[in-house]
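What follows is a short report on a single structure.
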Amino acid sequence: MPQISNHMPTAELQSLDSAHHIHPFSTQDDLLKKGARVITSAKGVWLKDSEGEDVLDAMAGLWCVNIGYGRDELAEAAARQMKELPYYNTFFMTTHVPVIALAAKLAELAPGDLNHVFFASSGSEANDTNIRLVRTYWQEKGKPAKKTIISRWNAYHGSSVASSSLGGMKGMHAQSGYIPDMHHIDQPNWWSEGGESTPEDFGLERAQQLEQAILEIGEENVAAFIAEPVQGAGGVIIPPATYWPEIQRICDKYEILLIADEVICGFGRTGNWFGCETMGIRPDIMTIAKGLSSGYQPIGGSIVSDEVAAVIGATEFNHGYTYSGHPVACAVALENLRILEEEKIVDTLRDDTGPYLQEKFRSLAEHPMVGEAQIIGAMGSIALTPNKATRAPFKAEAGTVGYMVRERCFANNLVMRHVGDRMIISPPLVISKAEIDILIERAWTSLDEAMANVRAAGLFE
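Residue 173 in my numbering is what sits at position 150 of the sequence shown, and the numbering runs on without skipping anything.
Here's what the structure looks like:
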């Protein structure tokens, strides 16, 4: 086999890729027919593909490259750590300096009494950890019946069998089933499900489903409620303002733990360090990953409160991963956090580039095919519709038009993702105002081109 490199022709790379590489969330037959786009390098918010095209990545990879691509400091931190201590575990009464330093830094950054970290390699692993954490917590409290975890339909909490069971993606459940003692309530998606109610009334009604579920299942059987402050992979669903205060009231009233899944929202994405700060909630556990290292190394974790840590710490916690607290991943995460802090990236997003992005992004609601444009911090979505007044869906299978828009975005060298008939963005937090202008210009062009195709297909009123 020839040496595989960036210098090979695109067609050869695509052929080898489709022959041997099974892609996540993809249909292999499509890859055989079309071939994957081959990304060869990246800098800032820009990707370069094997054809030499420059692509604006408005998704920060998979919501994770918060400080942008190509930061030499992270590569240098990884190299230094690999030379000094490339690997050691934290099982059996051992530890190392990078994991000590990162846990302490996260305790400093996290709000409230979230002062203790159990490390994993991803958000999926961390949410698997959370299942055992909350069930062990209640066992140690003398309440072993408290096993059920309540989540929401269309939530995303990972792709392993356990973490996808926490999530509410029915397509994932259909392929693998899900583990027992999981219960799902409806999501706070006013645009698609609010009907004639006001957003305020709808937010309260959806939050109060949590209380109804607790009463139906029995408080003595419910361990926790888990939710993303803002749903990410579900379509960037920003809940009505009434939603989270009511959720917090219910969690305070009943004896259940609140888990904030901050895998996407954490480390600046919503304009604050954590989404729970943006939404004004007080979680007992936070799930972290993605922006923790800006995707430069696989690392995640669960940050837990003093109370939860004290109870768990009284027994042997029979849980762990080979790469929990990997020294290289910890070193890279520390350097990433240093850059976020010292360069005031979160502050700049909150006070300067974020408001500019939000103003420009909301202008997309003026497009004839866009019904709403929602954005918070640097994560946003537009709802596609043939009728703004009625919020009607297209007369086609859900996601058909979203896919058409996505394809035009890719053709115009813009990475925007579609979730059903919503288009979503989550660019690197370092995106400049000039790059924001390019993003909006390419999004508008792509919407125009897709609308022409939608009209031609007879799907637009």
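Heads up, the beta-carbon is just placed ideally off N, CA and C, and yes, glycines get one too. Every value quoted in this text rests on a predicted model; they were computed, and no experiment measured them.
{"Query": "Extent of the continuous beta strand (DSSP E) run through residue 125", "Result": "Note, residue 125: premise wrong, no beta strand (DSSP E); alpha helix (DSSP H) at 120 to 132."}
{"Query": "Pairwise C-alpha distance: residue 132 and residue 203", "Result": "35 Å"}
{"Query": "Supposed contact pair residue 325 and residue 310 - C-beta distance, whole angstroms, cut 8 Å", "Result": "6 Å"}
{"Query": "Rounded straight-line distance, which links the Cα of residue 419 to that of residue 364", "Result": "46 Å"}
{"Query": "The stretch 71 to 84 / the stretch 444 to 464 touching (three or more Cβ pairs under 8 Å)", "Result": "yes"}
{"Query": "Residue 482 beta carbon less than 8 Å from that of residue 417", "Result": "yes"}
{"Query": "According to DSSP, residues forming a beta bridge with residue 407", "Result": "393"}
{"Query": "Simplified DSSP assignment, three categories, for residue 419", "Result": "coil"}
{"Query": "Contact test: residue 306 Cβ vs the ligand SAM heavy atom, cutoff 7 Å", "Result": "The model on display carries no ligand, and the ligand SAM is accordingly not part of it."}
{"Query": "Given residue 135 as reference, the closest of 198, 250, 299, 259 once Cα atoms are compared", "Result": "299"}
{"Query": "Own chain partners of residue 242 with C-beta closer than 8 Å, once the 5 adjacent residues on each side are dropped", "Result": "277, 278, 279"}
{"Query": "Buried versus exposed call for residue 477 [16 or more other C-beta atoms within 10 Å across all chains shown]", "Result": "buried"}
{"Query": "Member of 72, 43, 266 whose CA lies at the smallest distance from the CA of residue 31", "Result": "72"}
{"Query": "Within 8 Å, strictly: CB atoms of residue 129 and residue 140", "Result": "yes"}
{"Query": "Bridge partners - residue 342, DSSP secondary structure assignment", "Result": "Looking at the DSSP assignment, residue 342 forms no beta bridge with any residue, so it has no partner."}
{"Query": "Whole-Å CB distance - residue 188 paired with residue 201, under 8 Å assumed", "Result": "3 Å"}
{"Query": "Residue 143 - partner residues in DSSP beta bridges", "Result": "323"}
{"Query": "Reference residue 308, options 448, 35, 254, 137, closest by Cα", "Result": "137"}
{"Query": "Residue 352 versus residue 193: straight-line alpha-carbon distance, rounded", "Result": "32 Å"}
{"Query": "Three-way DSSP call (helix, strand, coil) for residue 438 in this model", "Result": "strand"}
{"Query": "Sub-8 Å separation of residue 358 and residue 97 beta-carbons", "Result": "yes"}
{"Query": "Test item: CB-CB of residue 315 and residue 304 under 8 Å", "Result": "no"}
{"Query": "Under the three-state DSSP convention, the category residue 255 falls into", "Result": "coil"}
{"Query": "As assigned by DSSP and simplified to three states, the class of residue 448", "Result": "strand"}
{"Query": "Best match in 236, 186, 79 for proximity to residue 206 [C-alpha to C-alpha]", "Result": "236"}
{"Query": "8 Å contact criterion, which residue 405 and residue 445 should meet: CB distance rounded", "Result": "7 Å"}
{"Query": "Unbroken alpha helix (DSSP H) run spanning residue 469, endpoints", "Result": "456 to 479"}
{"Query": "Residue 173 to residue 248 span [Cα, whole Å]", "Result": "5 Å"}
{"Query": "Residue span of the beta strand (DSSP E) that contains residue 64, given as start and end", "Result": "62 to 66"}
{"Query": "With 16 other Cβ atoms within 10 Å as the buried cut-off, status of residue 55", "Result": "exposed"}
{"Query": "In chain order, each alpha helix (DSSP H) run of at least 4 residues that lies wholly inside the stretch 229 to 287", "Result": "266 to 276"}
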